[in-house]
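A.B. asks:
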Amino acid sequence: MRYNEISHNSHPHHTLKLGYTQVPFKCDGCKEVGIGSNYKCTICDYDLHSHCALPSPTLSHPFYTKCSFQFLPRPPGTVARYCNACEKDVTGFVYHCNACGFDLHPCCAKLPMMLDDGEVKLYLYRKVSAPCLRCGRKGRSWSYRSTCKKYNLHVACVKEMLVENWHELYSNSVGSGGGNGGDTSTTRRLDTRIPNLKGTLETHHHQKSSKGKVKKGCEMAGLAVQFVISAVLGDPTTLIAGVVGTLLSK
Numbered sequence: 001m002r003y004n005e006i007s008h009n010s011h012p013h014h015t016l017k018l019g020y021t022q023v024p025f026k027c028d029g030c031k032e033v034g035i036g037s038n039y040k041c042t043i044c045d046y047d048l049h050s051h052c053a054l055p056s057p058t059l060s061h062p063f064y065t066k067c068s069f070q071f072l073p074r075p076p077g078t079v080a081r082y083c084n085a086c087e088k089d090v091t092g093f094v095y096h097c098n099a100c101g102f103d104l105h106p107c108c109a110k111l112p113m114m115l116d117d118g119e120v121k122l123y124l125y126r127k128v129s130a131p132c133l134r135c136g137r138k139g140r141s142w143s144y145r146s147t148c149k150k151y152n153l154h155v156a157c158v159k160e161m162l163v164e165n166w167h168e169l170y171s172n173s174v175g176s177g178g179g180n181g182g183d184t185s186t187t188r189r190l191d192t193r194i195p196n197l198k199g200t201l202e203t204h205h206h207q208k209s210s211k212g213k214v215k216k217g218c219e220m221a222g223l224a225v226q227f228v229i230s231a232v233l234g235d236p237t238t239l240i241a242g243v244v245g246t247l248l249s250k
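The sequence shown begins at 1 in the UniProt record's numbering and counts up one residue at a time.
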């Protein structure tokens, strides 16, 4: 169930209103980057992913069939913890399994097992044997893989792309008045800060394909990247305007 306005115990002084933004924000719950649907206090500039604002008290995950994850407002204990999905630090809201000690960021815990727009179909895997389009390595964190098995992208690598550019993304959005209004010119500028994967994608396809197939392969890989970025940011229904064009532009 979704609500247009909620009260949240992490921000008790004001209500949070459901909104939508085309520019990145930092979630004050899990401390991770977000985009798309969010709950926001306009008075305090306090933001929560929808998954963080309306969490499930407990959840199970098909990758960990013996685990029962409990939602916590902060990581348990005093030892630094990391997310078993993306391998990034856990510093805020978290799903934790007491029995196994596993941790998942709320958005990682809710990553769709499949992303499908009718043309590109990606499945979430705990591990894949093929190299990642971003880092070129195998294994590591959870990955999205296309049905054709040509396109693989680590969840961790998507987060690295976002973290590497977070400060400039944030500065640009603040400087241009970006926010829930979804200014498209701001969005285009922000899109150009997502690292260009064109060289990586073309190298991957030149090994086996003709020039025409390279272009088509890059377009498909670009769509794959776009879907995964949207899912990792907490809103798999969000397609960041112009991402494919800026990733693959000459």
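Positions of the beta carbon are idealized from the N, C-alpha and C atoms, including for glycine. In this text, all values refer to a predicted model and were calculated from it rather than measured experimentally.
Give every residue of the same chain whose Cβ lies closer than 7 Å to the Cβ of Pro76, excluding the five residues on either side of it in the sequence, and list them in chain order.
C.D. replies: Counting only Cβ-Cβ distances below 7 Å, and skipping sequence neighbours, we find His96.
A.B. asks: Does the separation of the CB atoms of Cys27 and Cys44 fall below 9 Å?
C.D. replies: The answer is no: Cβ separation not under 9 Å.
A.B. asks: Where does Ser50 fall in DSSP's three states?
C.D. replies: Three-state DSSP puts Ser50 in a helix.
A.B. asks: Cβ atoms of Val158 and Val232: under 9 Å apart, would you say?
C.D. replies: Contact: yes.
A.B. asks: Which whole-angstrom value describes the C-beta separation of Cys108 and Ala130, a residue pair presumed to lie in contact below a C-beta threshold of 8 Å?
C.D. replies: Contact doesn't hold; Cβ gap of about 21 Å is too wide.
A.B. asks: State yes or no: is the beta carbon of Pro75 nearer than 9 Å to at least one beta carbon in chain C?
C.D. replies: In the structure shown, chain C cannot be found, because there is only a single protein chain.
A.B. asks: Could you say which of Lys88, Lys110, Phe69 and Leu111 lies nearest to Gly101 if we only look at CA atoms?
C.D. replies: Ranking the options by Cα distance to Gly101, first place goes to Phe69.
A.B. asks: Please give the ranges of any alpha helix (DSSP H) in the stretch 45-114, keeping only runs that are unbroken, at least 4 residues long and fully inside the region.
C.D. replies: Correct list: 50-53 and 106-109.
A.B. asks: Please report how far the alpha carbon of Ile6 lies from the alpha carbon of Glu32, in whole angstroms.
C.D. replies: Those two C-alpha atoms are separated by around 21 Å.
A.B. asks: Going straight from the alpha carbon of Gly139 to that of Tyr125, what length do you get?
C.D. replies: Taking the straight line joining both Cα atoms gives about 10 Å.
A.B. asks: Applying the criterion that 16 or more other CB atoms from any shown protein chain within 10 Å of the CB defines a buried residue, is Arg145 buried or exposed?
C.D. replies: Answer is buried; the Cβ neighbour count reaches 16.
A.B. asks: Which two residues bound the contiguous beta strand (DSSP E) that contains Leu153?
C.D. replies: Asn152 to His154 is the span of the beta strand (DSSP E), which, as asked, contains Leu153.
A.B. asks: Tell me Leu16's beta-bridge partners as DSSP assigns them.
C.D. replies: According to DSSP, Leu16 bridges with Ile6.
A.B. asks: Once the 5 residues before and after Lys127 are set aside, which same chain residues still bring their CB inside 6 Å of it?
C.D. replies: Answer for Lys127: Gly139, listed in chain order.
A.B. asks: In this structure, does DSSP put Lys149 in helix, strand or coil?
C.D. replies: Coil, per DSSP.
A.B. asks: Can you check whether the CB of Asn4 is closer than 9 Å to the CB of Phe25?
C.D. replies: Not closer than 9 Å, so no.
A.B. asks: With DSSP as the reference, label Lys127 as helix, strand or coil.
C.D. replies: The answer is coil: DSSP assigns Lys127 none of H, G, I, E or B.
A.B. asks: Who pairs with Val33 in a beta bridge, going by DSSP?
C.D. replies: According to DSSP, Val33 bridges with Lys26.
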